[in-house]
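J.: Before I ask anything, here is the structure I am working with.
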Amino acid sequence: MFGFLARYGTVIALVLLVVFNLAYTRNFATLQTLNVNLTQVCTIVIVAVGMTLVIATGGIDLSVGSLMAISGALAPMIFMGTIFPVGNIYLAVAVAMIASILVAGLFGLFNGWLVSRFRIQPIVATLVLFIAGRGIAQVITNGNLQTFRVPQFQWIGLARPLGIPAQVIIMAVLVAAAAWALHRTVFGRSILAVGGNEKASELAGIAVSRIKLAVYAISGLCAGLAGLVVIAINSSSDANLVGLGMELDAIAAVAVGGTLLSGGKATIIGTLLGALTIQLVRYTLLANGVPDAAALVVKAGIIAFAVWLQQQHRV
Amino acid sequence: MTAQPDQAALLLDMRDIQKRFAGIPALADASLQVLPGEIHALIGQNGAGKSTLIKVLTGYYRRDAGQVLFERKPFEVGSPHQAQVSGISTIYQEINLVPLRSVTENICLGREKRRRGLLDWSAMHAEAERLLSRFSIGIDVRRPLSDFNTATQQMVAIARAIGFSARLVIMDEPTSSLDEREVSVLFSVIRQLKADGVSVLFVSHKLDELYEVCDRVTIMRDGRTVRSAAMSDIGKLELVAAMLGRDVAAVEGHATAFGERDRSRIGDVLFTAEGLAAGQLVRDVSFDLRRGEIAGFAGLLGAGRTETARLVFGADRRSAGEMTMEGASYHPARAADAIAAGMGFCTEDRKAEGIVPEMTVAENITLALLPKISRNGILNEARQKEIVERFIRELDIKCSGPNQKVRELSGGNQQKVLLARWLAMNPKLLILDEPTRGIDVGAKAEIQRIIRKLADDGLGVLMISSELEEVMEGADRIFVLREGVRVAELEGQAADEEDVLAAMAHGGAAKEAA
Amino acid sequence: MNSARLVRIIGTYGVVIALAALVLFGFLRYDRFLGLFNVMSVLRYNSMFALVALGMCFVIMTGGIDLSVGSVAALGSVASALASPHGIVAGLAAGVGAGLAAGLINALLVTRGNLMPFIATLATMLAASGSALLLADNQTVSVSYDSGFTAIGQGNFWIFPIPAVIALVAYVVGSVVLNYTSTGRTVLAIGGGEDASRLMGLRTDRVKFLVYVASGCLAGLAGVVLASQFGAGQPIEGVGWELFAIAAVVVGGTLLTGGSGSVLTTLAGVLLLGILFNVLNFENGMGWISLSAYWQSVIRGLFLLVVVLLQARLTARRETA
Amino acid sequence: ALPPLAKKDKYKVGFAQTESNNPWRLAETKSMHDEAAKLGHQLVYTDAAGSSAKQASDVNSMIAQGVDAIFLPPREDKPLVPVILAARDAGIPVFLVDRDVDHTMAKPGEDYVCFIGSDFIQEATRVGEWLVKNANGKSKIIELEGTTGASAATDRKKGFDDFIAKHSQFTILASQSGDFARDKGRQVAETLLQAHPDADIIYAHNDEMALGAIAALEAAGKTPGKDVLILSIDGEKEGVQAIIDGKIGAICACSPLFGPKAFATMADYAAGKKIPPFIKNEDAFFDATNAKKDFDIAF
Ligand SMILES: Nc1ncnc2c1ncn2[C@@H]1O[C@H](COP(=O)(O)OP(=O)(O)OP(=O)(O)O)[C@@H](O)[C@H]1O
Ligand SMILES: Nc1ncnc2c1ncn2[C@@H]1O[C@H](COP(=O)(O)OP(=O)(O)OP(=O)(O)O)[C@@H](O)[C@H]1O
Ligand SMILES: [Mg+2]
Ligand SMILES: [Mg+2]
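Chains as they are written, first to last, in my numbering: chain A, 91 to 405; chain B, 3 to 516; chain C, 12 to 332; chain D, 210 to 508.
What follows is the structure in structure tokens.
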């Protein structure tokens with residue numbers, strides 16, 4: 091019984107939250123509520139997928155929020171023609187999206203390079219870009235807000251094919267792909283092996299450095315994508331605020347989802363559930379008018395409880 | 003069963019101990035009685051529950067049922083710390099020390115010397131040196147433990163354990179990484195302990211050792227105590243039979259493992275190494291290996307055998323030397339290159355460099371095989387299942403199934419998983435560093451038979467073992483290393499033990515050295 | 012061996028050398044950089060970070076991490092500000108007590124609840140921050156200027172700021188504990204291998220417990236200094252302190268994976284990062300450039316990068332030497 | 210007593226900004242820089258990144274460098290007092306801009322020269338007054354607060370809530386923090402609109418959150434300005450544009466352009482003129498009647 095509770099701890103927490111809301115939160119059982127929650131949780135999930143892979147190798151990535159800011163700052167500069175003149179808006183948007191995600195990926199690669207080549211501990215290696223990255227985004231925009239109305243770009247945050255928000259589709263695809271890759275591919279197996287025992291993996295012929303480079307780069311790409319989603323919804327990009335505090339949200343989602351922070355064991359679906367739990371906590375507290383200060387305390391309690399529940403099936 | 007020792011005189015009395023992990027019993031009904039001042043052997047197959055019984059005793063695990071009396075008082079400890087304070091000092095199976103800290107700290111942590119309330123470092127260094135000198139080891143105790151090899155670390159662990167003035171010292175396979183010289187030093191220390199009235203609980207798969215030092219023996223099988231007797235009352239075959247749960251007659255077949263070799267099956271040259279060198283540890287090693295041949299490396303602690311193997315496998319960078327593999331020149335920059343060339347390397351330190359503890363048995367076995375069980379980077383589950391099940395069967399790995407975590411297996415079974423990893427890749431050349439470390443006699447024979455069979459099928463094997471006997475029996479040729487230099491090459495099964503020993507110690511044959 | 016030893020020394024004391032170089036640079040480039048006012052105000056201000064980093068240093072040496080230090084300091088500042096009318100002792104006790112409570116929660120979550128330190132202290136970080144706001148009713152809380160409480164932060168001991176003296180004493184005690192008590196050695200052992208340490212019979216849980224409690228208390232003490240120095244309990248102060256502390260500890264040469272580290276070089280790490288801010292301010296005062304906050308974060312990031320890269324090189328060389 | 214300021218052509222003045230993470234602060238910084246450049250003064254600029262403690266330490270480094278005068282927007286009303294006193298003791302006059310400090314701890318005209326700025330409470334009250342006149346039957350309010358604990362948020366809440374309390378036709382359904390940020394403001398608005406579908410007024414403590422609320426309303430299929438009346442404070446260009454577009458009802462301006470007034474006050478002080486303790490900014494007020502006409506005074 092207890093084992094069951096533990097294994098499905100996050101699911102149970104989620105169900106309890108839903109039940110609570112059905113009973114106490116006005117207007118909860120509506121499609122729009124689902125919509126609001128899903129769109130709000132998207133960016134965290136997208137970032138947390140990359141984070142899960144990094145954590146699975148025994149690392150951590152503090153720079154994701156700053157990388158979101160960089161990609162979010164870069165994209166409008168390109169499609170609005172601040173950097174170079176744009177001819178065709180579709181082309182400009184395509185270039186903007188690809189370039190800014192790639193730049194974030196390159197910064198991620200830089201993290202991976204520090205970690206694998208110089209053996210700098212991941213927290214510190216990514217702390218560098220955590221500090222400097224947002225500064226870079228602010229420097230390139232001079233700290234200014236960029237506002238835009240470019241539907242060709244904003245579909246990523248606003249479009250609703252078949253009534254489902256585009257970013258929710260992107261999130262679902264990403265989650266499915268990552269979950270599949272983690273358990274069904276050589277790459278995924280290698281990630282877990284590196285996190286589980288790096289020396290043994292090296293001796294078993296796994297290219298440890300390349301795996302590490304790859305996961306940090308992927309984390310960067312995910313952050314870059316998330317940055318675009320955020321600015322698209324808001325029709326504006328503010329390098330000071332895009333992705334602020336995202337690293338802690340993403341890590342919390344990963345941990346609540348049941349992934350070990352020490353590496354070697356990971357679950358993408360768990361991460362999705364973890365993010366949903368945190369999102370629903372936030373929604374519940376807001377919708378029921380719990381003041382910000384008290385909400386912090388409650389949120390802390392729920393995170394600790396959910397992770398504690400997860401922990402119980404380990405002897 | 004033999005007559006039970008006098009109840010009142012017992013130092014330790016464990017009865018009806020039960021311990022389950024996730025519902026699966028590791029200890030079903032285990033009992034253990036140790037007398038004051040005796041050396042007591044605890045034996046059993048891999049996974050029989052010896053280590054678990056010890057960890058239950060020292061409070062690392064909480065028992066599910068049963069009672070423990072120590073010095074006739076109920077013994078309820080919640081942590082290894084309490085056990086230590088109560089007079090039980092333990093060396094666990096995997097070396098459990100802190101590699102980053104100095105030797106002194108590893109020896110003295112937990113019973114620090116103080117002066118005016120603060121630690122007295124010079125006294126502690128002196129204490130560490132004094133304890134190690136009992137094992138004729140003179141090292142710089144200020145250096146981090148990780149600077150030293152497995153054997154030295156094992157000696158440090160032993161020194162630590164006997165440094166506590168305990169009434170019971172538990173040693174879980176202390177000799178598995180020691181060579182004979184060190185083992186004999188250890189035995190003299192154990193006898194000294196006995197003379198001082200200290201009891202020793204000794205776990206080992208090397209039966210000869212047991213007969214050499216132990217007074218009594220407790221035999222476990224499948225989590226139960228099946229027999230307890232005075233060492234002198236029980237013959238070797240009988241012992242093995244009780245351990246394996248078979249008749250004496252069935253066991254007799256196990257006696258010789260490698261068996262006579264048909265030398266005609268040895269083929270052409272597979273691998274050569276010329277003048278290998280790296281740092282201080284490997285200075286000049288040349289050897290060659292033929293298809294179907296088993297070559298052994300003999301040498302003392304720190305002779306450079308492991309280091310040489312690592313160079314061959316590309317795990318470390320060499321500073322000089324040429325190698326060829328199958329006639330082509332071979333320059334491994336990393337382990338992946340060696341694997342691509344058809345080599346496998348089963349390392350001596352299974353905890354640090356071998357198993358991935360959080361992964362399943364299946365995932366561990368196929369770790370070096372990923373390119374072969376996948377297409378376009380996508381794993382073929384069916385293929386994986388087939389391979390894994392075959393090796394679990396062939397090596398008789400005791401686990402609840404391919405999906406059990408390796409961390410939950412007993413030491414010996416973890417070793418088998420590692421062997422399976424390398425056998426599964428179907429290598430041309432297999433380097434085995436201490437392949438049967440910690441493996442019970444039954445399984446050991448099985449593994450040796452497998453090695454032999456593979457060699458007969460054309461596999462070249464490079465075997466490193468601290469058990470001279472294993473090298474002498476198994477190897478077709480023996481290369482003796484001493485201080486990083488290959489000092490002798492001897493014919494395997496024809497070699498004279500004296501010659502090998504002399505080469506190991508002095509670098510020449512017995513006659514010359516004498 | 013001799014050159015290897017030299018490398019080892021540079022590796023350990025690299026941060027001290029970097030600190031000396033930065034101070035020298037400031038001295039040569041700016042008037043009044045080493046003036047009494049500047050030196051003392053830099054010490055006074057950075058003593059809070061020094062206290063927090065000391066606790067963090069011990070936590071990190073056990074292989075853990077304490078993300079809650081910043082918001083615990085904020086909580087401590089509010090608690091001590093509220094208690095300050097009752098005198099200096101009450102203020103001190105309230106601030107440190109709040110830190111102690113938070114530290115106890117961390118300690119229980121980590122040792123009893125078996126939570127990963129990152130998550131346990133993340134939760135405490137949120138909770139402490141919420142509690143600080145609740146306690147302060149979302150506002151800064153004025154301290155009493157009549158009870159003498161402000162002496163802790165604003166007073167001097169001879170010419171030295173009292174907070175700096177407090178921090179220095181804390182570091183000396185910390186260093187002695189680390190190097191000359193079994194608790195200190197156990198801290199390092201746990202970081203080097205927790206399971207092994209437990210099997211070695213060390214009281215790992217007890218020591219881990221102590222370490223988180225100590226970190227909480229030190230953060231609380233930093234909060235007392237914060238309240239006293241600026242005359243107010245500040246519920247929303249402390250953001251990012253944990254990262255400053257982690258950076259200082261790492262720059263000070265302590266391994267984040269635990270098992271190896273030094274207390275005094277952590278102090279040098281704090282000063283190095285703290286003085287960097289001061290240097291940037293002075294550079295802005297030169298009138299050549301006016302570095303925006305943005306450039307400052309880029310420069311700080313690069314600076315951290317250079318220091319850790321240098322360290323990585325040195326330790327790599329030390330391993331092969 | 211206040212330290213004197215010598216009459217010079219060129220001053221070295223300090224400006225210790227609190228943070229640079231929103232358009233308002235950026236505009237303020239730019240205004241200070243521009244005015245200093247225009248007058249040929251040297252501006253020593255620091256940024257406290259949102260920490261009162263760091264801001265105090267920044268001021269200390271200015272004192273150490275021996276600047277002639279200091280312009281300080283104190284992040285909070287108490288923690289900056291000790292350094293203001295330290296500057297006074299070091300003979301450096303301090304001018305507070307945009308936020309004041311606690312007068313029980315430091316007094317204008319004695320410890321610092323004066324406070325130049327707006328009155329946050331009054332800003333909120335003006336928004337309330339407008340609402341009473343223009344509510345058109347709308348009455349259920351969602352309030353988007355600024356960063357919890359920040360004085361602007363506290364005062365803008367107090368001013369508005371106190372005013373509304375006197376007008377019983379209005380009720381505040383929910384009041385939550387949106388951190389002065391557009392994205393957070395949007396998310397909070399989405400949630401609150403979901404939980405309170407009957408809300409028809411949104412009052413945001415700044416324009417950024419109001420713009421976030423507009424995005425939330427549009428995503429929920431409602432028409433901002435029609436279904437829900439939006440009110441805010443600041444007067445960003447984008448906000449005023451939203452008034453022109455009919456999405457926001459009214460904005461009480463809170464001008465960040467302190468440069469000219471600040472430096473003029475300093476010149477007066479150096480010339481020995483008597484400086485009043487509070488120099489109040491005459492904040493503009495935007496609604497549909499003047500948004501187009503006064504667009505240029507938005508920042
Ligand atoms: N932590 C654990 N979780 C689950 N099962 C475990 C755990 N530890 C041990 N076991 C199981 O308990 C049984 C006994 O293991 P134990 O380590 O005591 O064997 P052993 O007799 O010491 O063997 P060896 O000679 O190989 O060291 C094994 O089947 C093992 O798989
Ligand atoms: N006397 C010694 N003191 C300290 N370290 C030693 C000593 N002798 C050898 N070593 C260590 O031994 C290692 C090299 O020996 P290596 O392990 O290759 O030898 P080996 O012949 O394989 O021995 P083993 O039987 O332990 O496997 C190095 O890590 C070296 O530091
Ligand atoms: Mg065992
Ligand atoms: Mg070896």
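For each residue, glycine too, the CB sits at the ideal point set by N, CA and C.
In terms of alpha-carbon separation, which member of A/Ala-268, A/Ser-156 and A/Leu-248 lies closest to D/Glu-427?
T.: A/Leu-248
J.: Which residues of chain C have a Cβ atom closer than 7 Å to the Cβ of A/Ala-384, listed in chain order?
T.: Gly-141 and Leu-145
J.: Look at the alpha carbon of B/Glu-514 and the alpha carbon of B/His-508, and state the distance between them as a whole number of angstroms.
T.: Model confidence at B/Glu-514 stands at a pLDDT of 41, short of 50, so the residue's coordinates are unreliable; what they give is reported in the following sentence. So the two alpha carbons sit approximately 10 Å from each other.
J.: Contact check, B/Lys-52 vs B/Val-205 under 8 Å by CB: the rounded distance?
T.: So it is a contact: roughly 5 Å between Cβ atoms.
J.: From the DSSP secondary-structure annotation, give me the bridge partner or partners of C/Pro-172.
T.: Residue pairing by DSSP places C/Pro-172 opposite C/Asn-167 in a beta bridge.
J.: Can you find a CB in chain A that lies within less than 8 Å of the CB of C/Leu-254?
T.: yes
J.: Would DSSP call D/Ala-273 helix, strand or coil?
T.: In this structure, D/Ala-273 counts as helix in the three-state DSSP scheme.
J.: Would you list the residues sitting across from B/Gln-35 in a DSSP beta bridge?
T.: According to DSSP, B/Gln-35 bridges with B/Asp-15.
J.: Determine whether the Cβ of A/Gly-379 lies closer than 8 Å to any Cβ atom of chain D.
T.: yes
J.: Which partner residues does D/Val-437 have in the DSSP bridge list?
T.: D/Pro-433
J.: Taking the alpha carbon of C/Ala-94 as the point to measure from, which residue in C/Gly-244, C/Ala-304, C/Asn-295 and C/Val-261 has its own alpha carbon closest?
T.: C/Gly-244
J.: Considering only heavy atoms of ligand 1 and the C-beta of each residue, which residues fall inside 5 Å, strictly closer?
T.: B/Phe-23, B/Ala-28, B/Asn-48, B/Gly-49, B/Ala-50, B/Gly-51, B/Lys-52, B/Ser-53, B/Thr-54, B/Glu-410, B/Leu-411, B/Ser-412, B/Gly-413 and B/Gly-414
J.: Return helix, strand or coil for A/Met-167, following the three-state DSSP convention.
T.: In the structure shown, A/Met-167 sits in a helix (DSSP, three-state: H, G or I).
J.: Three or more beta-carbon pairs under 8 Å between the region 130-137 of chain A and the region 328-342 of chain A, yes or no?
T.: yes
J.: I'd like to know whether the C-beta of B/Ser-104 is nearer than 8 Å to at least one C-beta of chain A.
T.: no
J.: Residues of chain C with CB under 9 Å from D/Tyr-220, in chain order?
T.: Result: empty, since nearest Cβ-Cβ is about 12 Å, beyond 9 Å.
J.: Under 8 Å Cβ-Cβ, which residues of chain C neighbour B/Glu-107?
T.: The answer, in chain order, is Arg-196, Leu-199 and Ala-200.
J.: How close, in whole Å, do the beta carbons of B/Val-171 and B/Arg-193 come, if the pair is a contact with beta carbons under 8 Å?
T.: About 12 Å separates the two Cβ atoms, so there is no contact after all.
J.: Should B/Glu-499 go down as buried or exposed, given a rule of 16 or more other Cβ atoms within 10 Å for buried?
T.: exposed
J.: At least one CB of chain B closer than 8 Å to the CB of A/Lys-355: is that the case?
T.: yes
J.: Do you know whose CA, among D/Ala-245, D/Phe-224, D/Ser-270 and D/Val-222, lies nearest C/Gly-46's CA?
T.: Out of D/Ala-245, D/Phe-224, D/Ser-270 and D/Val-222, D/Ser-270 has the C-alpha closest to the C-alpha of C/Gly-46.
J.: Does any CB atom of chain D fall closer than 8 Å to the CB of C/Ala-332?
T.: Confidence at C/Ala-332 is low in this model, with a pLDDT of 36, below 50, so the placement of that residue should be treated as unreliable; the coordinate-derived value is given next. With 8 Å as the cut-off, C/Ala-332 does not count as an interface residue toward chain D.
J.: Looking at chain B, is there any beta carbon in it that lies within less than 8 Å of the beta carbon of A/Ala-290?
T.: yes
J.: Can you tell me where the beta strand (DSSP E) with A/Gln-242 in it begins and where it stops?
T.: Where A/Gln-242 is concerned, there is no enclosing beta strand (DSSP E), although the alpha helix (DSSP H) it sits in stretches over 241-248.
J.: Listing by chain order, which chain B residues have their CB less than 7 Å from the CB of A/Ala-297?
T.: Ala-338
J.: Can you tell me which of the three DSSP states B/His-508 falls into?
T.: helix
J.: Is there contact here, the region 205-222 of chain C with the region 109-123 of chain C, by at least three beta-carbon pairs under 8 Å?
T.: At 8 Å Cβ cutoff, the stretches touch.
J.: In terms of residue numbering, what span does the alpha helix (DSSP H) encompassing B/Ser-186 cover?
T.: Going by DSSP, B/Ser-186 is part of the alpha helix (DSSP H) stretching over 182-197.
J.: Nearest-angstrom Cα distance between B/Gly-476 and B/Arg-226?
T.: 34 Å
J.: Report the neighbours of A/Leu-282 on chain B: residues whose CB is nearer than 7 Å to its CB, in chain order.
T.: Taking the beta carbon of A/Leu-282 as reference, the chain B residues within 7 Å of it are Met-361, listed in sequence order.
J.: With DSSP collapsed to three states, give me the class of D/Tyr-220.
T.: D/Tyr-220: coil per DSSP, three-state reduction.
J.: By how many angstroms is the C-alpha of A/Leu-351 removed from the C-alpha of B/Pro-27?
T.: 30 Å
J.: Determine the burial state of A/Ile-145: buried for a count of at least 16 other Cβ atoms within 10 Å of its Cβ, exposed for fewer.
T.: buried
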